[in-house]
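Number of protein chains: 2
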Amino acid sequence: MTASGFDTHDHGHCMAQALQTAEETCARKGLQLTAQRRRVLEILLREHRAMGAYDLLDVLRADGLGAQPPTVYRALDFLVGHGFAHKLERLNAFIACAHPGERHAPSFLICKSCGLVAEMPSEGISQAVMTAAGGLDFVVDRAVVEAEGTCRSCRGAAA
Amino acid sequence: MTASGFDTHDHGHCMAQALQTAEETCARKGLQLTAQRRRVLEILLREHRAMGAYDLLDVLRADGLGAQPPTVYRALDFLVGHGFAHKLERLNAFIACAHPGERHAPSFLICKSCGLVAEMPSEGISQAVMTAAGGLDFVVDRAVVEAEGTCRSCRGAAA
DNA sequence: TGGCGATTCGTTATAACATAACAGGACACG
DNA sequence: CGTGTCCTGTTATGTTATAACGAATCGCCA
Ligand SMILES: [Zn+2]
Ligand SMILES: [Zn+2]
Ligand SMILES: [Zn+2]
Ligand SMILES: [Zn+2]
Chain A
15 MTASGFDTHD HGHCMAQALQ TAEETCARKG LQLTAQRRRV LEILLREHRA
65 MGAYDLLDVL RADGLGAQPP TVYRALDFLV GHGFAHKLER LNAFIACAHP
115 GERHAPSFLI CKSCGLVAEM PSEGISQAVM TAAGGLDFVV DRAVVEAEGT
165 CRSCRGAAA
Chain B
15 MTASGFDTHD HGHCMAQALQ TAEETCARKG LQLTAQRRRV LEILLREHRA
65 MGAYDLLDVL RADGLGAQPP TVYRALDFLV GHGFAHKLER LNAFIACAHP
115 GERHAPSFLI CKSCGLVAEM PSEGISQAVM TAAGGLDFVV DRAVVEAEGT
165 CRSCRGAAA
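So, in structure tokens, the structure goes:
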């Protein structure tokens with residue numbers, strides 16, 4: 015029920031809500047949430063983890079649909095471009111946004127042990143980045159922030 | 015003469031100093047700065063910009079030496095692993111460290127206009143990342159921080 | 001009604017980035 | 001010497017991402 019990707023939650027609800035938010039946002043902004051785009055978003059939401067483009071492609075194909083890399087990358091370009099999903103540069107992978115609709119500069123936690131990824135609060139980080147960049151007279155459009163480490167349950171398992 | 019990659023500086027000096035620091039550090043820690051590793055570091059220092067592995071390979075070959083991808087990636091693994099160079103995840107590229115020898119968690123500014131990359135001060139950012147992660151009971155080993163935007167001179171040129 | 005631009009999608013091919021696997025050479029150590 | 005370790009050369013392959021072109025769809029308006 016929480017926003018953290020490390021906690022258990024009502025996943026059916028989280029998925030339905032994210033999809034609905036995407037639909038409403040697209041309707042409001044005149045964006046086309048086409049079948050392909052929606053399908054890729056559904057997979058990301060259902061799996062609730064970081065997935066490579068070719069992982070997504072495998073799922074699409076397993077569902078009996080012929081698909082090629084450009085199809086997936088186009089859908090991902092749309093979803094990432096409009097904030098429904100994010101790219102994890104460190105993993106060359108993609109994940110559904112945990113806070114769709116809200117305007118935010120995402121930052122991530124990546125557990126090196128279990129592979130789970132969580133979006134974390136980023137206000138303080140964004141502020142620190144802008145302050146540091148301002149000192150060099152640099153204007154930041156966007157910041158990639160991806161922290162690797164160990165989540166609570168993996169630390170517990172290791173002990 | 016400054017640490018910012020956006021400013022002009024005495025590049026011969028900066029390069030010689032970085033190489034010397036690398037040699038001293040390797041001697042002290044019993045690491046082998048072999049010909050291949052040293053050469054890749056020299057290229058990164060000379061070019062003073064982010065370079066892809068295959069860009070480095072092209073330079074090696076232009077210098078008349080046969081080389082294959084694994085050669086470059088091995089050298090980069092060494093240099094990155096010991097802090098003499100960094101990987102820019104956003105660019106799939108590598109750059110010589112601007113502060114070799116000092117223990118630091120690097121963070122970067124990437125100008126989308128001119129492509130220059132600078133290492134920026136990261137104490138405040140690291141602190142903010144650890145604070146945010148701690149709130150989710152997550153222990154951070156390492157954080158990728160890469161801010162994209164526009165440097166001063168490019169903003170000046172655009173105006 | 002018919003043309004027209006904009007957007008999306010299918011398809012083929014290829015570019016760009018990275019690693020697996022194995023053999024050989026250099027070198028230190030006993 | 002024999003042996004283990006580290007580094008390198010080489011071949012091949014795996015993984016991630018995009019270029020390019022044509023066809024289908026749809027809203028728009030002469
Ligand atoms: Zn998000
Ligand atoms: Zn974990
Ligand atoms: Zn550095
Ligand atoms: Zn610039």
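Quick note, the sequences are listed as chains A and B, same order.
Using the working numbering, read the first sequence as starting at 15 and increasing by one per residue.
Using the working numbering, read the second sequence as starting at 15 and increasing by one per residue.
Glycine residues also receive a C-beta, built at the ideal position from the N, C-alpha and C atoms.
DSSP places residue 96 of chain B outside both helix and strand once states are collapsed to three, so it counts as coil. Within a 10 Å sphere around the beta-carbon of residue 84 of chain A sit fewer than 16 other beta-carbons, which makes this residue exposed. Around the beta carbon of residue 127 of chain A, a 10 Å sphere encloses fewer than 16 other beta carbons of the protein chains shown; the residue is thus reported as exposed. In the DSSP assignment, residue 140 of chain A falls within the unbroken alpha helix (DSSP H) covering 137 to 148. Comparing alpha-carbon positions, the option among B/117, B/125, B/72 and B/94 lying closest to residue 47 of chain B turns out to be B/94. At a cut-off of 9 Å between C-beta atoms, residue 151 of chain B counts as an interface residue with respect to chain A. Looking from the CA of residue 38 of chain B, the closest CA among B/124, B/81, B/98 and B/59 belongs to B/98. Taking 8 Å as the cut-off between beta carbons, the residues of the stretch 114 to 125 of chain A near chain B are 121, 123 and 125, in sequence order.
Taking 8 Å as the cut-off, the C-beta of residue 100 of chain A counts as close to a heavy atom of ligand 1.
Here residue 139 of chain B is near residue 142 of chain A, since their CB atoms are less than 9 Å apart. Per the DSSP secondary-structure output, residue 163 of chain B pairs in a beta bridge with A/154 and B/125.
If you draw a 10 Å sphere on the C-beta of residue 164 of chain A, you find 16 or more other C-beta atoms in it, and that means buried. As computed with DSSP, residue 109 of chain B is found in a beta bridge with B/100. Using a Cβ-Cβ cut-off of 9 Å, residue 61 of chain A is close to nothing in chain B; its nearest Cβ partner there is about 21 Å away. Shown here, residue 30 of chain B sits in a helix according to DSSP, grouped into three states. Relative to the Cα of residue 79 of chain B, the nearest Cα in the group B/50, B/58 and B/64 belongs to B/50.
Residue 132 of chain B sits buried, since 16 or more C-beta atoms from the chains shown fall within 10 Å of its C-beta. At a beta-carbon threshold of 8 Å, the residues of chain A lying near residue 154 of chain B are 123, 161, 162 and 163, ordered along the chain.
With a threshold of 16 other beta carbon atoms within 10 Å, residue 104 of chain A meets it and is buried. Membership of residue 76 of chain B in the alpha helix (DSSP H) is indicated by the continuous run 67 to 76. Across the structure, residue 68 of chain B and residue 59 of chain B are spaced so that their CA atoms are roughly 16 Å apart. Taking a beta-carbon distance threshold of 9 Å, residue 65 of chain B does not count as an interface residue toward chain A. Judged by DSSP secondary structure, residue 132 of chain A falls within the beta strand (DSSP E) whose first and last residues are 131 to 134.
Distance check between residue 154 of chain A and each of B/147, B/72, B/122 and B/148 places B/122 closest, using alpha-carbon atoms only. Per DSSP, the continuous alpha helix (DSSP H) segment holding residue 61 of chain B begins and ends at 49 to 61. In terms of beta-carbon proximity, residue 173 of chain B stays away from the interface with chain A, with every pair separated by 9 Å or more.
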